[in-house]
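Residue numbers (our numbering): 4 to 110.
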């Protein structure tokens with residue numbers, strides 16, 4: 004029960020962080036990436052790996068904005084495409100244990 008509540012709260016906060024990243028300041032993409040990564044772990048094997056794609060996309064968007072690479076809309080579109088390609092490559096080749104290793108280190 005507590006994990007379901009945590010999942011939904013994190014999902015709502017992640018959606019708000021994505022909106023804030025697009026409209027307010029791109030640093031919110033980092034928050035969204037972390038929350039989506041947590042949601043991906045909490046949802047397990049049902050939709051977890053699909054949600055992980057959003058974590059990859061928001062991480063690439065956040066990194067691209069941090070490095071100053073995004074100047075126009077199509078730069079963001081390219082970052083989303085790169086995030087999806089990285090996600091597909093990671094899910095295809097890396098075991099789930101290694102994809103979620105940082106969370107397994109938490110007490």
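Ideal Cβ placement from N, Cα and C applies to all residues, glycine included.
Reduced DSSP secondary structure (H/G/I, E/B, other) of residue i
i          : result
residue 31 : helix
residue 46 : coil
residue 71 : coil
Range covered by the alpha helix (DSSP H) that runs through residue i
i           : result
residue 107 : 104–107
residue 87  : 76–96
residue 22  : 5–26
Neighbourhood of residue i by C-beta, 6 Å cutoff - its chain only, sequence neighbours within 5 removed
i          : result
residue 16 : 38
residue 51 : 43
residue 45 : 6, 10
residue 57 : 39
Next on the checklist: Does the contact criterion of 3 or more C-beta pairs under 8 Å hold for the stretch 61–69 versus the stretch 22–42?
Outcome noted: Touching, per the Cβ criterion.
Next on the checklist: Contact between the stretch 96–108 and the stretch 69–85 is defined here as three or more beta-carbon pairs at a separation below 8 Å; is this criterion met?
Outcome noted: No, they do not touch.
Checklist entry - Touch check for the stretch 75–86 and the stretch 52–63: three-plus C-beta pairs under 8 Å? => result Inter-segment contact for the stretch 75–86 and the stretch 52–63 is present: three or more beta-carbon pairs are separated by less than 8 Å.
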